[in-house]
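Student: Sequential numbering of the sequence shown, starting at 1, is according to full-length UniProt numbering. Ideal Cβ positions, reconstructed from N, Cα and C, are used throughout, including at glycine. Keep in mind the model is a prediction, meaning the values are calculated, not measured.
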Amino acid sequence: MTVEVQQSIGRAASVLTALAESKTGPLRASDIVRATGLGASTVARLLSSLEELGYVSKIADTQSYGIGAAILALASHGLNQNPLHRESRAAAQELAQRIGLSVNVGVRDGSSLIYLCHFEGAKAPKSHTMVGFRQPLHASALGKCLLIDMTEDERHAILGEDPLPRYTANTITTHEQLTAELAQIAILGTSTEDQELALGRFCIAAPIRTAVGDVAAAISISGRLSLIRGVDLDEVREDLIEVADRISVALGLISAVPH
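Here it is, written out as structure tokens:
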């Protein structure tokens with residue numbers, strides 16, 4: 001692949017990223033220029049090519065652009081080809097329906113986690129999906145589960161040095177605190193997130209393991225504190241561990257995993 005082709009792909013990706021990360025919906029070409037730092041003529045050419053391919057769509061009667069149907073199709077194919085998504089989808093959906101809260105499945109992608117599945121119970125409706133969203137590893141219950149098999153040196157390498165980013169007054173910001181909490185998670189089998197990422201929210205997560213016992217993903221139950229107070233956390237924890245184990249078995253895990 002030539003440098004010119006690499007640059008063209010990078011520019012197209014930056015346009016799609018700007019559209020995906022927009023907090024205000026569809027963007028005009030001038031908005032994309034500001035978001036990407038690319039020249040106006042370059043953005044115009046890219047939008048024309050991406051629209052022709054179906055990766056962006058022009059909103060009728062406006063000069064704005066949004067993500068196109070081709071991107072949605074690619075995302076769908078990517079999820080359906082992912083064994084973790086296939087094996088966890090039905091179990092996560094059934095769990096959300098049974099307990100009435102949100103259930104998410106996440107995997108590590110570099111220094112963050114990305115949601116593979118998101119289902120809402122009757123008590124926790126949302127107007128948007130979390131699939132594809134990212135969260136920090138050290139400040140989320142899912143992320144902590146994804147860190148438990150790593151050495152401290154490996155965690156330093158992907159998370160960086162102290163202080164770790166703070167999101168609320170409850171966020172863990174040092175590797176010493178994180179190491180101590182991960183040791184407890186390994187013993188209990190679940191992690192918690194008590195207003196560490198967002199105030200007013202609580203989350204419990206359990207690891208999902210591969211056939212050889214490595215942590216491949218994590219599944220969580222989350223909701224507003226007012227909802228969590230109305231459930232038996234011990235029962236929720238047991239239910240979550242059982243579902244995580246069921247998914248792990250579907251992935252091929254058949255033997256005990258030593259600490």
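Do you know how far the Cα of G189 is from the Cα of D149?
Tutor: Approximately 12 Å between the Cα atoms of the pair.
Student: Can you say whether N80 is buried or exposed, counting buried as having 16 or more other CB atoms within 10 angstroms of its CB?
Tutor: The residue is exposed, with fewer than 16 neighbouring Cβ atoms inside 10 Å.
Student: Note the first and the last residue of the continuous alpha helix (DSSP H) segment covering T192.
Tutor: It is not in any alpha helix (DSSP H) - T192 instead sits in the beta strand (DSSP E) that spans S191 to D194.
Student: Using alpha carbons as the reference points, say which of P207, A206 and A124 lies closest to S226.
Tutor: It is A124 whose Cα lies nearest to the Cα of S226.
Student: Could you name the residues that DSSP lists as bridge partners for Q135?
Tutor: In DSSP, Q135 forms a bridge with L113.
Student: What are the uninterrupted segments assigned as beta strand (DSSP E) that are 3 or more residues long and contained completely in the UniProt domain "HTH iclR-type" (6–69), given in chain order?
Tutor: Listed in chain order, they are 56–58 and 64–67.
Student: Expressed to the nearest angstrom, what Euclidean distance is found between the alpha-carbon atoms of V107 and Q135?
Tutor: Cα to Cα, V107 sits roughly 10 Å from Q135.
Student: Among I221, E51 and Q184, which has the Cα closest to the Cα of I71?
Tutor: Considering only alpha carbons, the answer is E51.
Student: Taking the alpha carbon of H118 as the point to measure from, which residue in D153, T24, L95 and I67 has its own alpha carbon closest?
Tutor: For H118, the nearest C-alpha among the options comes from L95.
Student: Would you report the Cα separation of I185 and L147, rounded to the nearest angstrom?
Tutor: Cα to Cα, I185 sits roughly 10 Å from L147.
Student: Hey, how far is the Cα of K23 from the Cα of V257?
Tutor: Rounded to whole angstroms, K23 to V257 spans 43 Å at the Cα level.
Student: Should L205 go down as buried or exposed, given a rule of 16 or more other Cβ atoms within 10 Å for buried?
Tutor: For clarity, residue 205 is Ala in the given sequence; the question names Leu instead. By the neighbour-count rule (16 or more Cβ atoms within 10 Å), A205 is buried.
Student: Cβ of residue 266 within 8 Å of Cβ of V131?
Tutor: The structure shown does not extend to residue 266, since the chain spans only 1 to 259, so no value can be given for it.
Student: To the nearest angstrom, how far is it from the Cα of K58 to the Cα of T17?
Tutor: One C-alpha to the other measures close to 16 Å.
Student: Which same chain residues, not among the five before or five after Q63, have their C-beta less than 6 Å away from its C-beta?
Tutor: Answer for Q63: R28, listed in chain order.
Student: With a Cβ-Cβ cutoff of 8 Å, do L19 and V43 count as a contact?
Tutor: No, the pair does not count as a contact, with Cβ atoms beyond the cut-off.
Student: Closest to I228 by C-alpha separation, out of Q195, K144 and E21, would be which residue?
Tutor: Out of Q195, K144 and E21, Q195 has the C-alpha closest to the C-alpha of I228.
Student: Would you say I172 and A139 are within 8 Å of each other, going by their C-beta atoms?
Tutor: In this structure, A139 lies closer than 8 Å to I172 by Cβ.
Student: Looking at the structure shown, is P165 part of a helix, part of a strand, or coil, going by DSSP?
Tutor: Coil, per DSSP.
Student: Pull up the CB-CB distance for S255 and R209, whole angstroms please, since I reckon it's below 8 Å.
Tutor: Going by Cβ atoms, the distance from S255 to R209 rounds to 10 Å, so no, they are not a contact pair.
Student: Return the chain-ordered list of same chain residues with a C-beta closer than 7 Å to the C-beta of A91, the five sequence neighbours on each side being excluded.
Tutor: If we look at A91 and ignore the five residues flanking it on each side, its Cβ neighbours are V243, R246 and I247.
Student: Between R86 and the rest of its own chain, which residues show a CB-CB distance below 8 Å, the 5 nearest in sequence each way excluded?
Tutor: So the list reads N80, once near-sequence residues are dropped.
Student: Going by C-alpha to C-alpha distance, which of T179, R11 and E4 sits closest to S49?
Tutor: When each option's Cα is compared against that of S49, the closest is R11.
Student: Just to confirm the assignment, what range does the alpha helix (DSSP H) spanning S226 have?
Tutor: Start and end: L225 to I228.
Student: Taking 8 Å as the cut-off, decide whether the C-beta atoms of A75 and G100 are in contact.
Tutor: Not a contact, by the Cβ cut-off of 8 Å.
Student: What does DSSP give as the partner residue(s) for S102 in the beta ladder?
Tutor: DSSP, once it has assigned bridges, lists S222 as partnering S102.
Student: Count the other CB atoms, across all protein chains shown, that sit within 10 Å of the CB of G39; report buried if there are 16 or more and exposed otherwise.
Tutor: With fewer than 16 Cβ atoms within 10 Å of its Cβ, G39 is classed as exposed.
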